[in-house]
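Residue numbers (the numbering used here): 891 to 1068.
Quick notes on the structure that follows.
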Amino acid sequence: MTREEKFMQAAIGCAKRGLKQGEVPIGAVIVYEDKVVARGYNRRAKLQLASAHAEMMAIDRACKKFSSWRLPEGCELYVTLEPCPMCMGAALNARIDKLFFGAYEQKGRSLTNELAQANLLNHTLEIQGGVAEKKCSALLTDFFSSMRRRTKEEKERRKLSEEGKFPENNSEESGGNG
């Protein structure tokens, strides 16, 4: 296992923690001097905050740890999904030097490379995508497949209920107390 894969595994662990809480499984860690100094996972649903992305949570924790919005030279961000423009902006603002991500963003244009090289904040960062890509992609694919399946099942139950029919496992039909 490479150094990058080792730290991506830590980010995957964060993503799984979020998954257990019903969040989209995206995790992030910040590494400084070969140690994980901050962790984060998506908390948008729990906190009802648009900005509660895994990267933002990790960056905020790292800034608190170092008592500075400008992180020390050499900080690296590992995240399971290619960052959105908001998170890229935060990484640049915090002066992250290197970004490693797992899965490539498939739904929207992330602008990762464009923002990283634009020198908008007098700072650029190195990027490497596809670290443990299969594992990171599988987490997201499985989550969204499961979510679509649950949504479809719920729609079918509502439709049957509205028609006065009940699914086979309904407690009334099985003699349960409901």
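Here a beta-carbon is modelled for each residue, glycine too, at the ideal position from N, C-alpha and C.
Just so we're clear, the structure is a prediction, and the values are computed from it rather than from any experiment.
**Item:** Closest Cα partner of E945 within the set L967, A900, R1039 and K896
**Value:** For E945, the nearest C-alpha among the options comes from L967.
**Asked** Cβ atoms of A948 and R929: under 7 Å apart, would you say?
**Response** Yes.
**Beta bridge counterpart(s) of K1049 as assigned by DSSP** = DSSP lists no partner for K1049.
**Given E1004 as reference, the closest of A1022, I902, L982 and G912 once Cα atoms are compared** = Comparing Cα-Cα distances from E1004 to each of A1022, I902, L982 and G912, the minimum goes to L982.
**Beta-carbon proximity of G964 to D987, cut-off 7 Å** = Yes. Within cutoff.
**Item:** Cβ-Cβ distance between C904 and G912 below 7 Å
**Value:** No, these two residues do not count as a Cβ contact at 7 Å.
**Prompt:** Just the Cα atoms here: how many angstroms apart are E1069 and R1038?
**Reply:** In the structure as shown, the chain begins at 891 and stops at 1068. Residue 1069 is therefore absent and cannot be evaluated.
**Message:** Classify L1011: buried if its beta carbon has 16 or more other beta carbons within 10 angstroms, exposed otherwise.
**Reply:** Burial call: exposed.
**Request:** Identify which residue in L989, L1030, E995 and L1029 has its Cα closest to the Cα of E1016.
**Result:** For the residues L989, L1030, E995 and L1029, the minimum Cα distance to E1016 belongs to L989.
**Item:** Sub-7 Å separation of V1021 and E923 beta-carbons
**Value:** Against a cut-off of 7 Å, the Cβ pair of E923 and V1021 comes out as no contact.
**Message:** I'd like the ranges of any beta strand (DSSP E) spanning at least 3 consecutive residues and lying wholly in the region 968–1039.
**Reply:** Contiguous beta strand (DSSP E) elements confined to the region 968–1039 occur at 988–993 and 1016–1018, taking only those with 3 or more residues.
**Message:** Once the 5 residues before and after K1055 are set aside, which same chain residues still bring their CB inside 8 Å of it?
**Reply:** Within the same chain, K1055 has no close Cβ partners at all.
**Request:** Taking 7 Å as the cut-off, decide whether the C-beta atoms of L971 and A993 are in contact.
**Result:** Cβ atoms of L971 and A993: closer than 7 Å.
**Message:** Taking the beta strand (DSSP E) that I920 belongs to, which residues open and close that run?
**Reply:** Note, I920: beta strand (DSSP E), G917 to Y922.
**Item:** Integer-rounded CB distance, given that K1024 should sit under 8 Å from I902
**Value:** That belief does not hold up - the Cβ atoms of I902 and K1024 are roughly 11 Å apart, past 8 Å.
**Item:** Terminal residues of the beta strand (DSSP E) in which A928 lies
**Value:** K925 to Y931 is the extent of the beta strand (DSSP E) around A928.
**Message:** Between the alpha carbons of H1013 and P973, how many angstroms are there, rounded?
**Reply:** A direct Cα-Cα distance of roughly 17 Å separates H1013 from P973.
**Prompt:** What is the DSSP secondary structure of E913, counted as helix, strand or coil?
**Reply:** Correct three-state label for E913: coil.
**Asked** Any idea if M891 is buried or exposed, counting beta-carbon neighbours within 10 angstroms, 16 or more meaning buried?
**Response** So M891 counts as exposed.
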